[in-house]
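Q: Sequences listed follow chains A and B, in order. Counting with the numbering used here, you get residues 1 to 226 for the letters of the first sequence. Counting with the numbering used here, you get residues 1 to 226 for the letters of the second sequence. Glycine included, every Cβ here is placed at the ideal spot set by N, Cα and C. Structure incoming, see below.
Number of protein chains: 2
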Amino acid sequence: MSTQHADLPDVSGLSIGILGGTGDQGKGLARRFALAGHEVIIGSRSAERAQQAADSLGEGATARGAENAAVAREADVVIVAVPWDGHKATLESLRDELAGKIVIDCVNPLGFDKQGAYALPVEEGSAAQQAAAVLPDSTVVAAFHHVSAVVLLDPEIDQVDLDVLVLGDDREATNTVQALAARVKGMRGVYGGRLRNAHQIEALTANLISINRRYKAHAGLRVTDV
Amino acid sequence: MSTQHADLPDVSGLSIGILGGTGDQGKGLARRFALAGHEVIIGSRSAERAQQAADSLGEGATARGAENAAVAREADVVIVAVPWDGHKATLESLRDELAGKIVIDCVNPLGFDKQGAYALPVEEGSAAQQAAAVLPDSTVVAAFHHVSAVVLLDPEIDQVDLDVLVLGDDREATNTVQALAARVKGMRGVYGGRLRNAHQIEALTANLISINRRYKAHAGLRVTDV
């Protein structure tokens, strides 16, 4: 197992753009990657709100803000952390800027009612597969679905205790994203299958929300025997 | 968190029936529950094959075999470990015998092709929801999807290193199944949400199969912060 992880590429020089980076999930990831020493660019429809988010990441976490299109153009790797209802339209509008890049989709299509969260049906199968359909010239990888924004943003939490499941059909791209996950203290990137099996990874976030509610926790997953 | 687990009922006296207990998953669970001191009855369409399976569990694991209908009638709690393609018909035929009981569904509706495993669509949403639809007088709980049969059957493995996600809409029943999971050395039962969120837990087995293939492992899941 250790061999598999040792084979991952050096990604320390990659700049990371985060579309929809003003939401808690995006900000949390921005904060952890900035702390890990990456150049981080937070994207939003408004450059001003993006800059505000970038300025709010706390001590030691330096990032800048820009409009989503500039972020998509400038960053080496782009994380999609937009709300599900803007997912397709946002990606369609950035197709040219995202061409040739690794695009990491962490969006969870969920609905909420009195009984909690549940998975929404997605025509393409999953948010990640929708991204792949909309972005034929990008390499889409699904990852970072289960990281608690609360944990990522908590200045008291030094180690993020979970594995990030990384799904995709391109080995080089999934290796890169596994390596990126490992840049965050405590996190590990574990290959989790092909993109066609992304639906259940996204949907599993509904279960984690149930777990959090029952146990008053910020639950994550670890994969055993790997 | 410890409080939550301490509140679980004493289930040491419950007898456990396993429908489709001649398959590896069923035999593996039978073996571990027998080792934990439970009365275990393995079910099959053929009482003879059931008895053969019961006799094959290895040192210290005592069980008996019977036809599925007898198992469903006699056992306090019944685990459904039949192949997906016989799932609905088997349960329909046992509706009366299973009335009033906790029925634990661990069936994963999966397809396989050259690229590995993938989730099959299920009209009712999931195998567990299909069981609930077919067994209106039983209390269906979904659990034990991710335990590797190889690990369960390996006489060299003393501790099973994973959490069992337990899903259901009846608190007393999910508590009982969490407690049953904890009877197996190393295992823990963690509440994982309502039955409507069972699909992704079943489907996640496809990802674990991908992980096993990539890392040459028998992967399981642990829930952090719980």
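1. Tell me, please, whether the CB atom of residue 201 of chain B is closer than 8 Å to any CB atom in chain A?
2. Given a limit of 7 Å on CB to CB distance, which residues of the region 92-106 of chain B reach chain A?
3. Let me see if you follow: with CB-CB separation under 8 Å, is residue 162 of chain A close to chain B or not?
4. Which first and last residues belong to the beta strand (DSSP E) in which residue 44 of chain B is found?
5. Assign residue 144 of chain B to one of two classes, buried (16 or more other C-beta atoms within 10 Å of its C-beta) or exposed (fewer than that).
6. Measure the Cβ-Cβ separation of residue 82 of chain B and residue 90 of chain B and say whether it is below 8 Å.
7. Mind checking whether residue 225 of chain B and residue 142 of chain A have CB atoms under 8 Å apart?
8. Give the residues from the region 162-191 of chain B that approach chain A closer than 8 Å (Cβ to any Cβ), ordered along the chain.
9. Applying a beta-carbon distance threshold of less than 8 Å, which residues of chain B neighbour residue 220 of chain A?
10. Look at the alpha carbon of residue 3 of chain A and the alpha carbon of residue 169 of chain A, and state the distance between them as a whole number of angstroms.
11. Which two residues bound the contiguous beta strand (DSSP E) that contains residue 180 of chain B?
12. What did DSSP end up calling residue 161 of chain B once you bin it into helix, strand or coil?
13. So residue 224 of chain B is in the beta strand (DSSP E); what residue range does that whole segment cover?
14. With distances taken Cα to Cα, identify the nearest neighbour of residue 50 of chain B among B:107, B:10, B:134 and B:17.
15. From the DSSP secondary-structure annotation, give me the bridge partner or partners of residue 65 of chain B.
16. Output yes or no for whether 8 Å exceeds the beta carbon distance between residue 222 of chain B and residue 162 of chain B.
17. Taking only beta-carbon positions, decide if residue 58 of chain B is within less than 8 Å of chain A.
18. For residue 8 of chain A, go through chain B and note every residue whose CB falls closer than 8 Å to its CB, in chain order.
19. Quick one: what's got a C-beta closer than 7 Å to residue 273 of chain A's C-beta in the same chain, skipping five residues either side?
20. Restricting to Cα atoms, I'd like to know which of A:178, A:148 and A:107 is closest to residue 85 of chain A.
21. Indicate the three-state DSSP secondary structure (helix, strand or coil) for residue 37 of chain B in the structure shown.
22. Please classify residue 22 of chain B: does DSSP put it in a helix, a strand, or coil?
23. Exposed or buried, which one is residue 130 of chain B when buried takes at least 16 other CB atoms within 10 Å?
24. Along chain B, in chain order, which residues have C-beta atoms closer than 8 Å to that of residue 115 of chain A?
25. State the DSSP-derived secondary structure class of residue 8 of chain A, mapped to helix, strand or coil.
26. Alpha carbons only, please: which of B:202, B:194 and B:54 is nearest the one belonging to residue 118 of chain B?
27. Expressed to the nearest angstrom, what Euclidean distance is found between the alpha-carbon atoms of residue 132 of chain B and residue 199 of chain A?
28. Tell me whether residue 1 of chain B is buried or exposed, calling it buried when 16 or more other Cβ atoms sit within 10 Å of its Cβ.
29. Determine the chain A residues that contact residue 217 of chain B at a beta-carbon separation under 9 Å, and present them in chain order.
30. When you compare the CB of residue 108 of chain B with every CB in chain A, is at least one pair closer than 8 Å?
31. Got a sec? Which residues, its chain only, sit under 8 Å from residue 207 of chain A by beta carbon, not counting five neighbours each side?
32. At which residues does the alpha helix (DSSP H) containing residue 142 of chain B begin and terminate?
33. Is it right to say residue 58 of chain B is buried, meaning 16 or more other beta carbons lie within 10 angstroms of its own, or is it exposed?
34. Examine chain B for any beta-carbon lying closer than 8 Å to the beta-carbon of residue 211 of chain A, and answer yes or no.
35. Is there a Cβ of chain A sitting closer than 8 Å to that of residue 227 of chain B, yes or no?
36. Here's the rule I'm using: 16 or more other beta-carbon atoms within 10 Å means buried, otherwise exposed. How should residue 34 of chain A be labelled?
A: According to the structure data:
1. Taking Cβ atoms only, chain A reaches closer than 8 Å to residue 201 of chain B, which makes this a yes.
2. If the cut-off is 7 Å between Cβ atoms, the region 92-106 of chain B has nothing near chain A.
3. Cβ-Cβ to chain B under 8 Å: yes for residue 162 of chain A.
4. Unbroken beta strand (DSSP E) run through residue 44 of chain B: 40-44.
5. Residue burial is scored here from C-beta neighbours: residue 144 of chain B has at least 16 other C-beta atoms within 10 angstroms and is therefore classed as buried.
6. Yes; because the gap between Cβ atoms is below 8 Å, this pair is in contact.
7. No; because the gap between Cβ atoms is not below 8 Å, this pair is not in contact.
8. Answer set for the region 162-191 of chain B: 162, 165, 167, 190 and 191.
9. Close to residue 220 of chain A, with beta-carbon spacing below 8 Å, are these residues of chain B in chain order: 223, 224 and 225.
10. With a pLDDT of 45 at residue 3 of chain A, under the threshold of 50, the modelled position of that residue is not reliable, and the figure given next carries that caveat. So the alpha carbons of these two residues sit roughly 21 Å apart.
11. Run containing residue 180 of chain B: none in the beta strand (DSSP E); it sits in the alpha helix (DSSP H), 171-181.
12. Residue 161 of chain B falls in the coil class under three-state DSSP.
13. First-last of the beta strand (DSSP E) with residue 224 of chain B: 220-224.
14. Residue 50 of chain B has its Cα closest to that of B:17, out of B:107, B:10, B:134 and B:17.
15. Answer is B:42, bridged to residue 65 of chain B.
16. Against a cut-off of 8 Å, the Cβ pair of residue 162 of chain B and residue 222 of chain B comes out as a contact.
17. False, the Cβ-Cβ gap to chain A never drops below 8 Å.
18. Correct list: empty, because the minimum Cβ distance to chain B is about 13 Å.
19. Outside the shown range of chain A (1 to 226) lies residue 273 of chain A, about which nothing can therefore be said.
20. Checked all of A:178, A:148 and A:107; the closest Cα to residue 85 of chain A is A:107.
21. Reduced to three states, the DSSP call for residue 37 of chain B is coil.
22. DSSP places residue 22 of chain B in the coil class of the three-state scheme, outside both helix and strand.
23. Residue environment for residue 130 of chain B: buried (at least 16 other C-beta atoms within 10 angstroms of its C-beta).
24. Within chain B, the residues near residue 115 of chain A are 194 and 196.
25. When secondary structure is reduced to three states using DSSP, residue 8 of chain A falls in the coil class, being assigned neither helix nor strand.
26. The shortest Cα separation from residue 118 of chain B among B:202, B:194 and B:54 belongs to B:202.
27. If you take the alpha carbons of residue 132 of chain B and residue 199 of chain A, they lie about 23 Å apart.
28. Low local confidence applies: a pLDDT of 45 at residue 1 of chain B is under 50, so the model's placement there is unreliable, with the coordinate-based value given in what follows. With fewer than 16 other CB atoms across the displayed protein chains lying within 10 angstroms of its CB, residue 1 of chain B is exposed.
29. Taking the beta carbon of residue 217 of chain B as reference, the chain A residues within 9 Å of it are 1, 223, 224, 225 and 226, listed in sequence order.
30. It does not; no Cβ of chain A falls within 8 Å.
31. Cβ-Cβ distances below 8 Å link residue 207 of chain A to nothing in the same chain once the five nearest sequence neighbours on each side are left out.
32. For residue 142 of chain B, there is no enclosing alpha helix (DSSP H); the residue is found in the beta strand (DSSP E) stretching over 139-142.
33. With fewer than 16 other Cβ atoms from the protein chains shown falling within 10 Å of its own Cβ, residue 58 of chain B counts as exposed.
34. Closer than 8 Å: yes.
35. Here chain B covers residues 1 to 226 and nothing more, so residue 227 of chain B does not appear.
36. Sixteen is the threshold: when 16 or more other Cβ atoms of the shown chains lie within 10 Å of the Cβ of residue 34 of chain A, as they do, the residue is buried.
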